[in-house]
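J.: Protein chains in written order, with the working numbering: chain A, 1263 to 2050; chain B, 322 to 661.
Ideal placement from N, C-alpha and C gives every residue a C-beta, glycine not left out.
1. Examine chain B for any beta-carbon lying closer than 8 angstroms to the beta-carbon of residue 1826 of chain A, and answer yes or no.
2. Can you tell me whether residue 1903 of chain A is helix, strand or coil according to DSSP?
3. Below 8 angstroms CB to CB, which residues in the same chain sit around residue 1447 of chain A once its five sequence neighbours on both sides are set aside?
4. Give me the residue from A/1920, A/1828, A/1353 with the minimum Cα distance to residue 650 of chain B.
5. Just the C-alpha distance for residue 1290 of chain A and residue 1812 of chain A, rounded to the nearest angstrom, thanks.
6. Inspect the CB distances between the segment 1503 to 1522 of chain A and the segment 1563 to 1574 of chain A and report whether three or more fall short of 8 angstroms.
7. Can you give me the start and stop residues for the alpha helix (DSSP H) that residue 1807 of chain A sits inside?
8. Excluding sequence positions up to five away, which residues of its chain have a Cβ less than 8 angstroms from the Cβ of residue 1280 of chain A?
9. Output needed for residue 1720 of chain A: all residues of its chain with C-beta closer than 7 angstroms, excluding positions within five of it in sequence on either side, in chain order.
10. Determine the closest residue to residue 1336 of chain A out of A/1347, A/1505, A/1324, A/1314, with distance taken between C-alpha atoms.
11. Suppose only complete runs of 3+ residues qualify. What are the beta strand (DSSP E) ranges in the segment 1383 to 1422 of chain A, listed by chain order?
12. Would you mind reading off the limits of the alpha helix (DSSP H) that contains residue 493 of chain B?
13. Among the residues of its own chain, which have a CB less than 6 angstroms from the CB of residue 1622 of chain A, if the five just before and after it don't count?
14. Which residues in chain A have a C-beta closer than 7 angstroms to the C-beta of residue 554 of chain B? List them in chain order.
15. Expressed to the nearest angstrom, what Euclidean distance is found between the alpha-carbon atoms of residue 1416 of chain A and residue 1441 of chain A?
16. Based on Cα-Cα distance, which residue from A/1308, A/1472, A/1376, A/1932 lies nearest to residue 1351 of chain A?
17. Assuming contact is defined by CB atoms lying nearer than 8 angstroms, are residue 1642 of chain A and residue 1725 of chain A in contact in what I supplied?
18. Answer with buried or exposed for residue 1734 of chain A, where buried requires no fewer than 16 other C-beta atoms within 10 angstroms of its C-beta.
19. What does residue 1563 of chain A reach in chain B if we use C-beta pairs closer than 7 angstroms?
20. For the beta strand (DSSP E) containing residue 1947 of chain A, name the first residue and the last one.
21. Count the other CB atoms within 10 Å of the CB of residue 400 of chain B; is the residue buried (16 or more) or exposed (fewer)?
22. Quick check: the Cα distance between residue 2007 of chain A and residue 1975 of chain A, rounded to an integer number of angstroms?
23. Against chain B, with Cβ distances strictly below 8 angstroms, would residue 1935 of chain A count as a contact?
24. How far does the alpha helix (DSSP H) with residue 1725 of chain A in it extend, from its first residue to its last?
25. Looking at C-alpha atoms only, which residue of A/1660, A/1506, A/1989, A/1774 is the closest neighbour of residue 430 of chain B?
26. So what does DSSP say about residue 1521 of chain A, is it helix, strand or coil?
27. Go through the segment 1941 to 1999 of chain A residue by residue and report every complete run of the alpha helix (DSSP H) that reaches 4 residues or more, in order.
28. Between the Cα of residue 1835 of chain A and the Cα atoms of A/1483, A/1782, A/1767, which residue gives the shortest distance?
29. Indicate whether at least one CB of chain A lies closer than 8 angstroms to the CB of residue 563 of chain B.
30. Taking the Cβ atom as the reference point for each residue, do residue 1538 of chain A and residue 1467 of chain A lie within a distance shorter than 8 angstroms?
31. Please identify, using Cβ separations under 7 angstroms, the residues of the segment 1724 to 1742 of chain A that lie next to chain B, in order along the chain.
32. Any idea what DSSP makes of residue 1694 of chain A, helix, strand or coil?
33. Buried or exposed: residue 1443 of chain A, going by 16 or more other Cβ atoms within 10 Å of its Cβ?
34. For residue 489 of chain B, which option in B/519, B/526, B/502 has the closest C-alpha, if you only look at C-alpha atoms?
35. For a contact meaning CB atoms closer than 8 angstroms, what does residue 1428 of chain A contact in chain B?
36. Can you name the start and end residues of the beta strand (DSSP E) that residue 1318 of chain A belongs to?
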């Protein structure tokens, strides 16, 4: 929204202050100023002048040779405007003056010298009109500087609309003037009004509000004998500077009052609209708005009708049929308050936002209806003396906002601010902002002004904002809190996930990636993965992104495919949220998971698989101090390999799975590659009780290693079971078992194990270990391993 | 006897000169100093000598002489061997290296950790929270009324079970207040979702970090202090902050917090839209309705809350120009973020 400092100046005198620094303060205390534009600074030496004579240029069809009286001198002007006329008063840029980029100097034009330039409105920067030169109708002596009669000089500032969403009162110059008056401690002048009480004896306008739940107030008044067509220059300049286009006097007036006071108004041609109903149409209808578009009106949209004939969409836009035309002389003036939510819904459904609807959405103050009417009538009568009010001010005040009274004391303010703002200052600030204040020592009662009481200020905390923003946050002394410092509790899930990232990045040189919470069905399809059905987003950007992910792996596999030329071998992982269907209460079963994929174009699939195994194993031993088990299991998903899929368990609880891609998926990633992946359910993982470190006194005697080779089916060995069997067979002296070698040739396969023995009491000899090794061999034989 | 000693000395010196390696030297030692060696033989011959004392002294001095000479020669041989090893050593080249790659963290992880560390040091706990929440958590409990534009379909992803993808980390406020009660200080980083089309500056999936501090007498003055301290630590400089009124339904008063632009030093540049200030985090005093919904006694307690755009912070910190790089999975982009 654009605001004019001149206009604000009508209500608060800021002429002796640095207005730009005021605007800066405004950003800090009220709303964000996005831009400051100085108007008129590029216009100088333009005076009121009169065309004494007009001659056609002998050789040019367009150019005219003028004698122009600029008060102190008659000068020759060569002018190309089509609307020059003898006796016309014009805005003449004189030699030495400046208009925009042009500095005026005597200039030869088609053989004649021109000592100045007659300006168009566009050249003066006061409108877009460059169809001809501007005609001055004001009564001013020749030679008068144009800036003495027209407010060309102005400072315009643009406020971010978003920062005003909660302040309906600031969608107006008058509301802004109140802020500036409060900030500078100056008096706020009331706008000049025409009291409508004087028309009470006249016949009323018939106003029938039927949809009472969507209307706060509807007022109307009729005026006849309006003759003026074009608005006064200064009114047009202000409208233009504030981003509006001058249309005709009546339309301009309604816009002007809206920008001045914040109340949208609508002028109907009284010849076409004589009475008013406010209602909705259960069947809907088609309606042509004054922009010439035919719109579909549904059953929820509030309409203004006259004799049940629709004439306007309430709070949004008037109708084509009843709009003000050039020959309109009488009008029915609407000033109303509609329900903001209803207006917003209507504009959303119609895709039509207007200056009026934007204001209604913010919940306008119904008290404004009468003030705005009185202001418009004052401006109308001052500028069009023949006009006459022919009805009473007809007022259907359907719903009132309650008066809000807030009690608080200085202690409350001190506690909330943390600083000492004096009681006097609290009184001055709130009084200037329009609060009805009473004070008893350090206790205050504030009656919220009607323009802040529609939703903005409702509780004590809202008062704090009013006091502090005017006090200025830059003026706050800042202190740390006096709260006791307590030990920081760290969530185990969070800390585990952090440690997982560290381990995978540092020990396995993996790359952490992020993706989306939904599956990419298209990419899954490219990999030959059927997206598992799951909870859906109902308003996804594309249907391909509507199903939430149940596993981290498919997206990671498609990332692997995207990156397959990045390096010969690499690994990626992501820790994120997945959704595993619905819980019994109907809510999503959200589960955090770590997904990791290793990829290689150089290594065998088994090597890549074992690397993934190592990483999964190490996550458990490093973070949980517990070894996990890999248990051959059925596939959970179709992208897993039917043979090489394993559950990862700790203490018998499944915390994830390890697998290699299904051959079809793998082939879709790359013709020649190997990959393996695992997923860890980080919440289940974090529920495992971590093993404690148990110290064992180191033996002073050397260990003895004995290697034994067994014939065994390698695929069926479960190492942890083997370990348990050997330990219980050999007793305490068995310190460890490690895999030395495996060998496979056709049907024969062997495994060589190294058994380490140690005693705390003495140096062991090989001979005395033979009972232990015999026991081990016997135990392992029961697991299908025979000594070779 | 004397003559025998002199002869033996001459022979030894000759043999020592000829001993070229440590084996020859060892042989020499055995030959002269061994149990059956020459010196021992002389000692035995002492029985037949009249002046035992003089002869004994001569033999002992020969023995010492031989011992010393052998030790010295051994030392010289070892030194020569080390020198030869050094002369023949291979010169290594540390400048030649292969393409062994380090792992990498996601830039959001790096930015999050940095901010978390600052808050842990100030006594804040770090909380996890769901990405899928209900209308109550995301809006109702945060004083965002029905019909508020933020609830529109164009802003929020709704799910077919009636839940939604959280649009802001504030959705965790209610949960955390109920979990801990007052006093409380916590931060909760998390992923948020907005239903909008993506471009270089917009993502439908991004990270925020929310923070709350609730206690008796928490004030606006405390809020500014904590924001300034936290941001100075994050940016590793003494940042200037400024607060402007900002409207968010879940705080009252609400602020937009700006920090002074370091790129231009406050003079104005494209990054700060010529204002000298960068809009960084919305914050404010927690709205009494929000505290009440969280079961906190508003007469006794007050608090502040703030939201920090982690994705934006990471973009600023690392100079990432296209927000879509974060979720692209492209290792060309992401592998650059090495460990901390």
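T.: This is what the structure gives:
1. no
2. strand
3. 1690, 1694
4. A/1828
5. 48 angstroms
6. no
7. Here residue 1807 of chain A belongs to no alpha helix (DSSP H), and DSSP marks it neither H nor E.
8. none
9. 1666
10. A/1314
11. 1416 to 1421
12. It is not in any alpha helix (DSSP H) - residue 493 of chain B carries neither H nor E in the DSSP assignment.
13. 1577, 1600, 1602, 1605
14. Per Cβ cutoff of 7 angstroms: no residues; residue 554 of chain B is ~14 angstroms from chain A at best.
15. 19 angstroms
16. A/1308
17. no
18. exposed
19. Per Cβ cutoff of 7 angstroms: no residues; residue 1563 of chain A is ~15 angstroms from chain B at best.
20. That residue, residue 1947 of chain A, is in no beta strand (DSSP E); its alpha helix (DSSP H) goes 1944 to 1949.
21. exposed
22. 12 angstroms
23. no
24. 1722 to 1733
25. A/1774
26. helix
27. 1944 to 1949, 1981 to 1992
28. A/1767
29. yes
30. yes
31. 1724, 1726, 1727, 1730, 1731, 1735, 1736, 1738, 1739, 1740, 1741, 1742
32. helix
33. buried
34. B/526
35. 568
36. 1305 to 1318
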